[in-house]
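See below for the structure under consideration.
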Amino acid sequence: MTQNSQTKNFCGLTETQLISIEKGFIWLGEATSPFSRKLYDRLLEEHPVTRKLLMATGVEEFQKAFLKGFEALVSAFRSGRHLGSALEEYWTVPIVELRPAIERRRFNKLAETFLKVVAECVEDAWSPAVEEAWRVAIKEIERELVDPGD
Numbered sequence: 114m115t116q117n118s119q120t121k122n123f124c125g126l127t128e129t130q131l132i133s134i135e136k137g138f139i140w141l142g143e144a145t146s147p148f149s150r151k152l153y154d155r156l157l158e159e160h161p162v163t164r165k166l167l168m169a170t171g172v173e174e175f176q177k178a179f180l181k182g183f184e185a186l187v188s189a190f191r192s193g194r195h196l197g198s199a200l201e202e203y204w205t206v207p208i209v210e211l212r213p214a215i216e217r218r219r220f221n222k223l224a225e226t227f228l229k230v231v232a233e234c235v236e237d238a239w240s241p242a243v244e245e246a247w248r249v250a251i252k253e254i255e256r257e258l259v260d261p262g263d
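Just so it is clear: in the sequence shown, position 45 is 158 by the working numbering, and no numbers are missing.
Right, here's the structure in full:
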């Protein structure tokens, strides 16, 4: 690896990790339906707190919103833009109003469910390096979106 690929950007991701996240986005875009359906079902099953929102949204709308939100996050990681402002383009509730409702413990459980579903869907492409890239990205999302007082 070159020195440049190991230099961390503003959010703590190396270039190599950022490329891994971008490749993940491309894969998720190609496998939107099976991945998002599996994630939707798993969230409903394992996280009762998401039921009201997910049932009101429906799986098709969830798929669209998930992809747009994920694309906004990847773009924000690459450009150095704040994650909250990137997501607010797709959410009707401002991040500052949403933040107090997001509990750190709940966020971490949701993130673990997300990682499990990604790992199940990508199978052989999942590796410790890929997992680490996703975890660094999730930590940045947590840092910026979860209430710092939790």
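The beta-carbon is built from N, C-alpha and C at its ideal position, and this holds for glycine as well.
### Query
What whole-angstrom Cβ distance do Glu255 and Phe227 have, given they're in contact under 8 Å?
Taking the first residue of the sequence shown as 1, we reach residue 255 at position 142. Taking the first residue of the sequence shown as 1, we reach residue 227 at position 114. Contact flag wrong, Cβ pair sits at about 12 Å.
### Task
Would you mind working out which of Val243, Glu128, Leu131, Phe175 sits nearest Ser149, comparing C-alpha positions?
Taking the first residue of the sequence shown as position 1, residue 149 is located at position 36. When the alpha-carbon of Ser149 is set against those of Val243, Glu128, Leu131, Phe175, the nearest one is in Phe175.
### Query
Between Glu244 and Gly171, what straight-line distance do the alpha-carbon atoms span, to the nearest angstrom?
Within the sequence shown, numbered from 1, the residue matching residue 244 stands at position 131. Within the sequence shown, numbered from 1, the residue matching residue 171 stands at position 58. So the alpha carbons of these two residues sit roughly 28 Å apart.
### Query
Would you report the Cα separation of Asp154 and Pro147, rounded to the nearest angstrom?
Within the sequence shown, residue 154 is the residue found at index 41, counting from 1. Within the sequence shown, residue 147 is the residue found at index 34, counting from 1. Taking the straight line from one Cα to the other gives about 11 Å.
### Query
Span of the alpha helix (DSSP H) holding Leu166?
Indexing the sequence shown from 1 puts residue 166 at position 53. 164-170 is the extent of the alpha helix (DSSP H) around Leu166.
### Message
What does the alpha-carbon distance come out to for the pair Leu126 and Ala250?
### Response
Within the sequence shown, the letter at position 13 stands for residue 126. Within the sequence shown, the letter at position 137 stands for residue 250. Straight across, the Cα-Cα distance linking Leu126 with Ala250 is about 7 Å.
### Message
What residue range does the alpha helix (DSSP H) around Leu131 cover?
### Response
For this step, residue 131 is matched to residue 18 along the sequence shown. Element bounds for Leu131: 128-143.
#### Entry: Nearest candidate by alpha-carbon position, reference Gly137, set Glu159, Ala242, Pro161, Lys165
Locating residue 137 in the sequence shown gives position 24, where the first residue counts as 1. Looking at the Cα atoms, Ala242 is the closest of the given residues.
### Val259 versus Leu196 - alpha carbon distance
As a working mapping, residue 259 is identified with position 146 in the sequence shown. As a working mapping, residue 196 is identified with position 83 in the sequence shown. About 12 Å.
### Task
With Arg256 as the anchor, note down where its alpha helix (DSSP H) starts and where it stops.
The residue you call residue 256 lines up with position 143 of the sequence shown. Here the alpha helix (DSSP H) through Arg256 covers 241-258.
### Task
Label Leu84 either buried or exposed according to how many other C-beta atoms from any shown protein chain fall within 10 Å of its C-beta, with 16 as the threshold for buried.
With the chain covering 114 to 263 only, the question about residue 84 has no answer from this structure.
### Cβ shell of Gly142 (< 7 Å), same chain only, five flanking positions each side left out
By 1-based counting over the sequence shown, the position of residue 142 is 29. Closer than 7 Å at Cβ, skipping near neighbours: Leu180.
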